[in-house]
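In our numbering, the protein residues as written are 680 to 723. Think of the CB as a built atom: it goes at the ideal place given N, C-alpha and C, for glycine as much as any other residue. Keep in mind that this is a model prediction, so the values were computed, not measured.
Following this line, the structure appears as structure tokens:
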């Protein structure tokens, strides 16, 4: 996120339901969709 500061890029973090370091390929569609809808901004 620090490297993109000043470039106008929005950096977000996936919300609940996604384990840290987890493989996105192993999530069901509902969990991934909920995590994307509820993502949060990362402060730079």
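For residue i, collect the residues of the same chain with a Cβ closer than 7 Å to its Cβ; drop the 5 residues on either side in sequence, then sort them by chain order.
i           : result
residue 721 : 680, 690, 691 and 692
Using the C-alpha atoms, what's the distance from residue j back to residue i?
i           : j           : result
residue 715 : residue 685 : 24 Å
residue 711 : residue 703 : 8 Å
residue 683 : residue 707 : 30 Å
residue 698 : residue 719 : 15 Å
Would you check if the distance between the CB atom of residue i and the CB atom of residue j is smaller than 9 Å?
i           : j           : result
residue 713 : residue 696 : yes
So residue i and residue j are supposed to be a Cβ contact under 8 Å. How far apart are they, rounded?
i           : j           : result
residue 717 : residue 688 : No, residue 717 and residue 688 are not in contact; Cβ-Cβ is about 20 Å, not under 8 Å.
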